[in-house]
Structures are given as structure tokens and as C-alpha cells.
Amino acid sequence: MSTLIKQVRADGLPRHVAVIMDGNGRWAKARGLPRVAGHQAGAQAAERLIRFAGGKLGLKNLTLFAFSTENWNRPAEEVDFLMHLLDQFITEKLKEFIREGVRLIVSGDLGGLPSQIRETVRNAIEQTAQNDRLLLNVALNYGARQEIVRACQRVASAAVAGKLNLVELDENSFACFLYTDGIPDPDIIIRTSGEMRLSNFLLWQAAYAELYFTGTLWPDFTPAELLKTIASYQKRERRFGGVRNV
Ligand code: IPE
Ligand code: IPE
Ligand code: MG
2 MSTLIKQVRA DGLPRHVAVI MDGNGRWAKA RGLPRVAGHQ AGAQAAERLI
52 RFAGGKLGLK NLTLFAFSTE NWNRPAEEVD FLMHLLDQFI TEKLKEFIRE
102 GVRLIVSGDL GGLPSQIRET VRNAIEQTAQ NDRLLLNVAL NYGARQEIVR
152 ACQRVASAAV AGKLNLVELD ENSFACFLYT DGIPDPDIII RTSGEMRLSN
202 FLLWQAAYAE LYFTGTLWPD FTPAELLKTI ASYQKRERRF GGVRNV
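Yeah, the sequence shown ends on 247 if you go by my numbering, and it's all consecutive.
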């Protein structure tokens, strides 16, 4: 780990890493366990990663995809378990977040969540609002298409209220209506478990993100693997539509 951390240039850290935490179900199945055991192990992997990202690594922005607008299609018992797990996770981590300077925000439709988790989330957002070491953005009841439609609705309301001149709307001002207002676009999007798709995650913000796919199942994803990903990111040449650097 210490040799790995030396391979990462502190001055070239991604400003924002976003992760599609996938493969919990398969991790459990491979062990003959129920799917929910995979989610439990996945929560531990998330805990490890948050601690490392905000601590030793010194990352500023981390987004974790925890529950999508499409995940309601899962069996009710699994959805209930996930909601309970998320509630418990945030409740239990709150003290540590406050102590370690982690600011929690949520991307997603909070109104569509069970009232108990909604309250837990609101309270954690409020209590960590002044923290500035690591911004932890949990994508919860999140779908990128829903986010873009919501942004359009908010743009329309602002225009009707005379607070926005539509002629002046551009990419930057539009982005202020997304959940990620104020956060730099992700430099890296990681997806675990071997699937190579975005599954309705950060479609707007992903425009120039570097994509990383690993076969590792989410519960097995370690800080060391994050470091390897960042080291490999630092070797990539980003062009943003420009010419190749020779
Ligand atoms: C990711 O693991 C967790 C959530 C989507 C909530 P999955 O539950 O999707 O695991 P697989 O893809 O079935 O292995
Ligand atoms: C994406 O994983 C959502 C989260 C990680 C929360 P899924 O497992 O839901 O995605 P699909 O269905 O395989 O595309
Ligand atoms: Mg999955």
C-alpha cells in the first residue's frame, strides 16, 4: 500500500471520483449467501473507501452510486433491506463524518424515499454542512435522466419567475440546476463487477470522464485498487476534443 501510494502523484489527483458500486449480489451468490449479505459486505467496502479517500489519499470529491431510480424494480425484501442498510450506515457514520470533516450530500429524489431514511439523510446533510475535507455525494434514488428532467423543470420555473433569461442559458448555467451544482465533473468513473455500462449514472457529468471498468466485485474493492486506478488515470492523456500532446 505504501509503495502504491508513492506511485500516485499528489498534484495530479482527480478532483472527483465517482463509483458505480456493482456486484454485491454476485459476491454473495459465489459464497452461497443471500444477496443481502452482499449488500452488507458492500457497505463495509464503502466505509473503507470513504475513510481512505478522505484520510490518507486526500481526495476532495467522491460520489458513490448507492441506489438507482431503477432499483425499485427489485424484490420488495431486497429494497427494504437496502433502505434499512443505508439508514443504518448514515446513522452510524455520522459521528465519524463530523469528526473527520466529511460533508455528506445526496444526489437523487429524497421525496421518493421512506420517511425514516429521508429524515436520517436530511439530518446528516445539515450536521455536516460546514465540513470541507471530503465531499461525499451519495447517489440515492438517483437516475441521470430524472436529474436532467428535473433540471429542465427548475430552469422553466426560474424563467417564468423572471430569475433567468433563457437567452443566457448555457452549459455552465444549466449545470447549476443539477444535483451536482458546485462539484467539478468526475475525472474518473469506476464501475466494478465487469459490467461495461453507465446504467443511468451521471450522464451529463460524464461527458469527459475517464472510464474504468474492473472485474472486481464491489465488496472486494479495496483502497489499494483505487490507488491503482488513480495511478493508471495519471498515465492517460485527456484531450477534451483538442489535439494529441506530442
Ligand atoms: C450493487 O450490487 C448494489 C446495488 C445496485 C444496490 P448488485 O445488487 O447490483 O449486485 P449484482 O449486480 O446483482 O451482482
Ligand atoms: C447500478 O447497478 C446501480 C447501482 C450501483 C446503485 P445495477 O446493478 O442496478 O445496474 P444494471 O441493472 O446491472 O445495469
Ligand atoms: Mg448489479
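Where is the CB? At the ideal position from N, CA and C, for every residue including glycine.
Secondary structure note for E226: its alpha helix (DSSP H) is the uninterrupted segment P224 to Y234. Runs of the alpha helix (DSSP H) lying entirely within the segment 128 to 184 and spanning at least 4 residues, in chain order: 145 to 161 and 172 to 176. Residues close to ligand 1 by the beta carbon criterion (under 5 Å to any non-hydrogen atom) are, from first to last along the chain, D23, G24, N25, G26 and R27. Burial check for N138: the Cβ neighbour count within 10 Å reaches 16 or more, so the residue is buried.
By the C-beta criterion, the segment 16 to 33 is judged to be in contact with the segment 205 to 221, since at least 3 inter-stretch pairs fall below 8 Å.
For R75, there is no enclosing alpha helix (DSSP H), since its DSSP letter is neither H nor E. Judged by DSSP secondary structure, L63 falls within the beta strand (DSSP E) whose first and last residues are N62 to S69.
The beta carbon of L227 sits closer than 6 Å to none of the beta carbons in its chain outside the five residues before and after it.
Relative to ligand 2, S108 has its C-beta separated by 6 Å or more from all heavy atoms.
Taking C-beta atoms as the reference points, F82 and T129 fail to come closer than 7 Å. When the beta-carbon positions are compared, S108 and A140 come within less than 7 Å of each other. Each residue's CA atom was taken as its position, placing Q147 and R155 some 12 Å apart.
Per the coordinates, the alpha-carbon of S69 lies some 11 Å from the alpha-carbon of R75.
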